[in-house]
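Going by this note's numbering, the first residue of the sequence shown is number 1330, and it counts up by one from there. Worksheet: the structure to be examined is printed underneath.
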Amino acid sequence: MVVFEKPHALTDAVLHYCPGCTHGIVHRLVAESIDELGIEGKTIGIAPVGCSVLAYNYFNCDMIEAAHGRAPAVATGVKRALPDNIVFAYQGDGDLASIGLCETVSTACRGENVTIIFINNAIYGMTGGQMAPTSLLGQVTQTSPYGRDPKTQGYPIRICELLATLDAPAYLERVTVNSVKNVNRAKKAIKKAFQNQIDGKGFSLVEVLSACPTNWGMTPQKALQWIDEAMIPAYPLGVFRDKGAE
């Protein structure tokens, strides 16, 4: 009896992510959801700039590259042109919450029937560890060497809470993948976000608190602990909008 196997929606390509990075876990959850929903042949993924830029190597579905921050706009165009296809964007916090914030808010405000997987690791990963819109207060990064100071650098942007103020989004949930229990919860949320699109419910976004040991300057084990100790208190887990449950 097969207990576990690689999802068909994942290719055999070796992931380029740093040791301890949890992008790979989220990739697997996305692929498992695609497999279980039987939508691989009709799914189109959008990967912008950031650590996820090479996602087209890893998913066995059509993939489109988008300019930095523009994945929601590209996803909107693809979904409107091909309404019978399932369209998802896979974005990091520097991409989605900084240069792409306008596209994110506008896509959510219109209630576009797309799925957004949002990786929040509180730092710019690909470009060397600069402060991101989601970096925590006091967090040391390459561009906040004394810790993020709200007087000069503002406060972290909480995307789920921000989007929950809009009328249109159908589903917003924040999860993490730093334990087996949390991985299982994340899988449920990601699959629900895809199912919502299949059912035509509208805009769904799943925010995943993710580890970046390299740029955090931690071991992989400590990075997972830091999610519990620092990130979750700043970014509480939970459902912020679920029109299907209302």
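Here a beta-carbon is modelled for each residue, glycine too, at the ideal position from N, C-alpha and C.
Nearest-angstrom Cα distance between Gly1323 and Ala1396?
This structure gives no information on residue 1323, because the portion of the chain shown stretches from 1330 to 1575.
Check whether the Cβ atoms of Ile1373 and Cys1390 lie closer than 8 Å to each other.
By one-based count along the sequence shown, residue 1373 stands at place 44. By one-based count along the sequence shown, residue 1390 stands at place 61. In this structure, Cys1390 lies closer than 8 Å to Ile1373 by Cβ.
To test your reading of the DSSP string, which unbroken beta strand (DSSP E) runs of 3 or more residues are found completely within the segment 1494-1563?
1500-1505 and 1533-1538
Count the other CB atoms, across all protein chains shown, that sit within 10 Å of the CB of Asp1422; report buried if there are 16 or more and exposed otherwise.
Your numbering for residue 1422 matches position 93 in the sequence shown. Buried, because 16 or more other Cβ atoms sit within 10 Å of the Cβ of Asp1422.
Spatial distance of Thr1472 from Phe1333 (CA atoms):
Locating residue 1472 in the sequence shown gives position 143, where the first residue counts as 1. Locating residue 1333 in the sequence shown gives position 4, where the first residue counts as 1. Using only the alpha carbons, I get a separation of about 42 Å.
Rank Leu1495, Pro1498, Ile1488 and Phe1523 by C-alpha distance to the C-alpha of Lys1566 and give the top, closest one.
As a working mapping, residue 1566 is identified with position 237 in the sequence shown. First, the residue type needs correcting, since residue 1566 is Leu and not Lys in the sequence shown. That would be Ile1488, whose Cα lies nearest to the Cα of Leu1566.
For Thr1340, the nearest candidate out of Ala1384, Val1509, Ile1368 and Val1403 (CA to CA):
Locating residue 1340 in the sequence shown gives position 11, counting from the first residue. The candidate whose alpha carbon is nearest that of Thr1340 is Ala1384.
One question on the structure: do Gly1440 and Pro1498 come within less than 8 Å of each other, judged by their Cβ atoms?
For the purposes of this step, residue 1440 is taken as the residue at position 111 of the sequence shown. For the purposes of this step, residue 1498 is taken as the residue at position 169 of the sequence shown. Yes.
Identify which residue in Ile1415, Cys1431 and Arg1409 has its Cα closest to the Cα of Arg1399.
Residue numbering aside, residue 1399 sits at position 70 when the sequence shown is read from its first letter. Of the candidates Ile1415, Cys1431 and Arg1409, Cys1431 places its Cα closest to the Cα of Arg1399.
May I have the straight-line CA-CA distance separating Ala1518 from Val1504, to the nearest angstrom?
For the purposes of this step, residue 1518 is identified with residue 189 of the sequence shown, where counting begins at 1. For the purposes of this step, residue 1504 is identified with residue 175 of the sequence shown, where counting begins at 1. A direct Cα-Cα distance of roughly 8 Å separates Ala1518 from Val1504.
Between which two residues does the beta strand (DSSP E) containing Glu1394 stretch?
For this step, residue 1394 is matched to residue 65 along the sequence shown. From DSSP, the beta strand (DSSP E) with Glu1394 extends over Asp1391 to Glu1394.
Delimiting residues of the alpha helix (DSSP H) encompassing Gln1482:
Position 153 of the sequence shown, counted from the first residue, corresponds to residue 1482. Note, Gln1482: alpha helix (DSSP H), Pro1479 to Gln1482.
Entirely within the segment 1340-1395 and at least 3 residues each: give me those beta strand (DSSP E) ranges in chain order.
1372-1376 and 1391-1394
For Ala1404, which of helix, strand or coil comes out of DSSP?
Taking the sequence shown and counting its residues from 1, the one referred to as residue 1404 is at position 75. DSSP places Ala1404 in helix when its eight states are reduced to three.
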